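**Student:** Pasting a structure below so you can have a look.
In the numbering used here, the protein residues as written are 1155 to 1312.
Take a look at the structure:
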């Protein structure tokens, strides 16, 4: 759990009617709020390369085509409790892991991030990219301005 909390520091969540979703360059995480009495046997999560579905107590929360493809063998789900709330956390590993692959929505037809949230997600992607390219530096407190959409500027040094 400590690793997970360190990894998600600075995440930008997009709210939905059933919970939230957020992303990094490598993955997308979905959190579905459920009653505190929910057990694994009450949940059905199906993960496919281009779609995902989630039902709780036989009530479908969503069953839709994803914004982009994922790696099913590396994706999973859990039931967790945090701050008195219980939720299903669905962890999806992206097929395309580049700063340019910021999902604008969770699904093709719904759960779009609002413009402010998407803008902040793209800034975080650029920070994550710079952190990977420069592991000795700390970009967590950096303010991002200028060209940051689609992963930021592309440098071609030859």
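Where is the CB? At the ideal position from N, CA and C, for every residue including glycine.
These figures come from a predicted structure and were not determined experimentally.
From the DSSP output, in three-state form, read off residue 1194 for me.
**Tutor:** Residue 1194 falls in the helix class under three-state DSSP.
**Student:** Please classify residue 1238: is it buried, with 16 or more other beta-carbons within 10 angstroms of its beta-carbon, or exposed?
**Tutor:** Residue 1238 comes out exposed.
**Student:** Checking the sheet assignment: what are the DSSP bridge partners for residue 1177?
**Tutor:** Looking at the DSSP assignment, residue 1177 forms a beta bridge with 1182.
**Student:** Need the endpoints of the alpha helix (DSSP H) that residue 1297 sits in, please.
**Tutor:** Element bounds for residue 1297: n/a, residue is neither H nor E.
**Student:** How close, in whole Å, do the beta carbons of residue 1215 and residue 1209 come, if the pair is a contact with beta carbons under 8 Å?
**Tutor:** Between residue 1209 and residue 1215 the Cβ distance is about 6 Å, and since that is below 8 Å, they are a contact.
**Student:** DSSP three-state label for residue 1167, please.
**Tutor:** If DSSP states are grouped into helix, strand and coil, residue 1167 belongs with coil.
**Student:** Give me the residue from 1165, 1287, 1235, 1183 with the minimum Cα distance to residue 1261.
**Tutor:** Looking at the Cα atoms, 1183 is the closest of the given residues.
**Student:** Could you give the distance in angstroms between the alpha-carbon of residue 1284 and the alpha-carbon of residue 1181?
**Tutor:** Looking at the two C-alpha atoms, the distance is approximately 17 Å.
**Student:** To which residues of the same chain is residue 1166 closer than 7 Å at the C-beta, ignoring the five residues directly before and after it?
**Tutor:** Cβ within range, chain order: 1176, 1271, 1274, 1275, 1278.
**Student:** Could you compute how far the alpha carbon of residue 1193 sits from the alpha carbon of residue 1236?
**Tutor:** Computed Cα separation, rounded: 15 Å.
**Student:** Quick check: what's the CA-CA separation for residue 1212 versus residue 1197?
**Tutor:** For residue 1212 and residue 1197, the distance between alpha carbons rounds to 8 Å.
**Student:** Can you name the start and end residues of the alpha helix (DSSP H) that residue 1273 belongs to?
**Tutor:** Note, residue 1273: alpha helix (DSSP H), 1269-1287.
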